[in-house]
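In the working numbering, the protein residues as written are 1 to 319. Backbone N, C-alpha and C define an ideal beta-carbon position, used for all residues, glycine too. In this text the structure is predicted, and so the values were computed from the model without any measurement. One structure is given below, encoded as structure tokens.
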Amino acid sequence: MAMNKILVIGGSGFVGTHLANQLVERNVSVVVPTRRRERTKQLILLPAVDMIQADVFDEAALVRLMEGVDAVVNLVGVLHSDPALPYGPAFKRAHVDLPRIIVSACKKAGVRRLVHMSALKAAADAPSEYLRSKAAGEAIVLAAQGELDVTVFRPSVIFGRGDAFLNMFARLLKTFPVMPLGGANARFQPVWVEDVARAFIACLEDESTFGRAYDLAGPRVYSLRQIVEYVGQLTGHRRRVVALSDGWAYLQAGLMTLLPKPPLSPDNLRSMETDSVYGNDSLKPAAWNPEYLEAVAPTYLGRHQPKLRLDVFRAHAGR
């Protein structure tokens with residue numbers, strides 16, 4: 001089935017904006033529901049993107065949004081919630097309740113194709129509420145296979161222009177003369193947002209991906225300390241990184257939750273107890289060839305960004 005019109009739930013976020021851009025480049029119409037249309041100017045300006053103010057937790061509203069679409073992509077995710085077992089209310093609402101509503105709406109609207117974003121190392125017995133709730137959500141989606149044509153992607157930490165990962169550390173390194181770091185030895189396999197978007201698009205018409213869950217990670221593994229030190233090198237704000245003991249790390253994270261937009265929470269630290277890297281049983285998409293962090297991060301974090309971007313474009317063009 002040709003994909004001419006896609007509903008992207010969570011499309012006004014970081015990954016959604018990049019995905020929408022790529023879909024528009026392929027002459028695909030994109031529908032993006034949003035709570036506040038005025039806050040999504042970067043998408044409003046794109047041709048073939050229809051921003052519709054709607055509550056995605058309202059199943060009837062979702063059914064109406066799905067009229068005439070060929071596929072639904074769910075990118076909704078939150079990083080923080082009040083604590084509870086097995087997961088807090090914000091995690092439950094975004095990662096569990098919403099996928100259930102989306103699956104039901106797809107069935108009622110007659111839209112078979114659903115692509116869902118989970119998280120690398122999501123599991124029912126994971127140490128964090130975030131990962132446990134992500135596992136519950138992907139289980140709901142995968143259980144719908146047969147009635148729907150579903151695919152799940154589980155990315156590691158995602159980086160790219162406008163990210164909330166490398167840019168957060170860039171701001172912190174600029175502000176503080178010493179960098180106290182919880183989870184310094186946690187390991188990640190960062191993946192470029194453009195590669196993630198391409199994987200989502202490539203699977204839309206690929207029947208071999210139906211009913212499968214794919215891990216998405218970059219080509220290289222880094223400790224959190226290595227990532228922070230690399231950001232300092234790129235931005236010209238090299239700082240001494242002090243690895244915190246577990247006790248101090250959780251104290252730091254607890255204090256950070258008092259901020260309006262916490263950069264770290266105790267649950268985030270618990271997520272880092274499980275390395276966000278490929279496992280022996282990881283399933284990767286066909287022709288998966290992700291870009292290196294070092295090829296992309298300098299183009300938006302480096303001190304000489306315009307020249308660095310030109311150098312990267314030349315490298316890709318073979319010049």
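Residue i, DSSP secondary structure in three states
| i | result |
| --- | --- |
| GLN189 | coil |
| SER12 | coil |
| THR175 | helix |
| CYS33 | The amino acid occupying residue 33 in the given sequence is Pro; Cys does not appear at that position. If DSSP states are grouped into helix, strand and coil, PRO33 belongs with the strands. |
| ASP125 | coil |
| VAL150 | strand |
| SER271 | helix |
| PHE313 | Low confidence applies here, because PHE313 scores a pLDDT of 46, under 50, leaving its location unreliable; read the following figure in that light. In this structure, PHE313 counts as helix in the three-state DSSP scheme. |
| LEU114 | strand |
| PHE159 | strand |
| LEU7 | strand |
| LEU43 | helix |
| VAL49 | strand |
| LEU131 | helix |
| LEU98 | helix |
| LEU181 | strand |
Residue i, buried or exposed, once every other Cβ within 10 Å from all chains shown has been counted against 16
| i | result |
| --- | --- |
| ALA2 | exposed |
| LYS108 | exposed |
| ASN74 | buried |
| LEU149 | Residue identity differs from the one stated: residue 149 is Asp in this sequence, not Leu. That one is buried. |
| GLY16 | buried |
| THR175 | exposed |
| LEU293 | buried |
| GLU229 | buried |
| ARG198 | buried |
| ASP206 | exposed |
| ARG36 | exposed |
| GLY247 | exposed |
| ILE140 | buried |
| LEU283 | exposed |
| ASP195 | buried |
Proximity to residue i [Cα-Cα], best of the options
| i | options | result |
| --- | --- | --- |
| GLN252 | LEU181, ASP206, ILE6 | LEU181 |
| HIS95 | ALA71, ALA123, ASN4, LYS284 | ALA123 |
| LEU46 | ASP125, TYR278, SER29, THR34 | SER29 |
| PHE57 | SER282, ALA90, MET179 | ALA90 |
| LYS407 | LEU204, ASP97, LYS5 | This structure leaves residue 407 out entirely; the chain is present only between 1 and 319. |
| TYR214 | ASP281, GLY68, LEU7, SER12 | ASP281 |
| LEU166 | LEU224, ASN21, VAL49, ILE102 | LEU224 |
| VAL347 | CYS203, GLY160, ASP195, PRO285 | Here the chain covers residues 1 to 319 and nothing more, so residue 347 does not appear. |
| ALA184 | PHE159, ALA143, VAL242 | VAL242 |
| GLY146 | ALA249, GLY137, GLY77, LEU114 | LEU114 |
| LEU43 | GLY11, ILE6, GLY68, ALA54 | GLY11 |
| VAL103 | GLU138, GLY13, LYS261 | GLU138 |
| ALA54 | ALA60, PRO33, GLY68 | PRO33 |
| PRO266 | TYR278, TYR250, LEU244 | TYR250 |
| THR299 | TRP248, ARG238, ASP163 | ASP163 |
| ALA285 | SER118, THR209, ALA48 | Going by the sequence as given, residue 285 is Pro instead of Ala. Here the closest residue by C-alpha is THR209. |
| SER276 | ALA217, ILE52, ILE201, GLU194 | ALA217 |
| ARG26 | ALA295, LYS5, ARG100, GLY110 | LYS5 |
| GLY279 | ARG240, CYS106, TYR222, LYS121 | LYS121 |
| ARG112 | LEU142, VAL76, ASP70 | ASP70 |
| LEU79 | ARG212, PRO262, LEU301, MET51 | PRO262 |
| ILE227 | LEU301, LEU23, PHE14 | LEU301 |
What residue ranges within the region 56-85 form continuous beta strand (DSSP E) runs of no fewer than 3 residues, ordered along the chain? 71-74
Using 8 Å as the threshold, is the region 52-66 in touch with the region 83-92, meaning 3 or more CB pairs across them? no
Is there contact here, the region 231-245 with the region 144-158, by at least three beta-carbon pairs under 8 Å? no
Three Cβ pairs or more, each shorter than 8 Å: is that satisfied between the region 188-205 and the region 251-264? no
Sufficient close CB pairs (3 or more, under 8 Å) joining the region 270-277 to the region 116-133: yes
May I have a chain-ordered list of the beta strand (DSSP E) segments no shorter than 3 residues that lie completely inside the region 237-297? 240-243
Uninterrupted beta strand (DSSP E) stretches inside the region 191-238 (no shorter than 3 residues): 212-216
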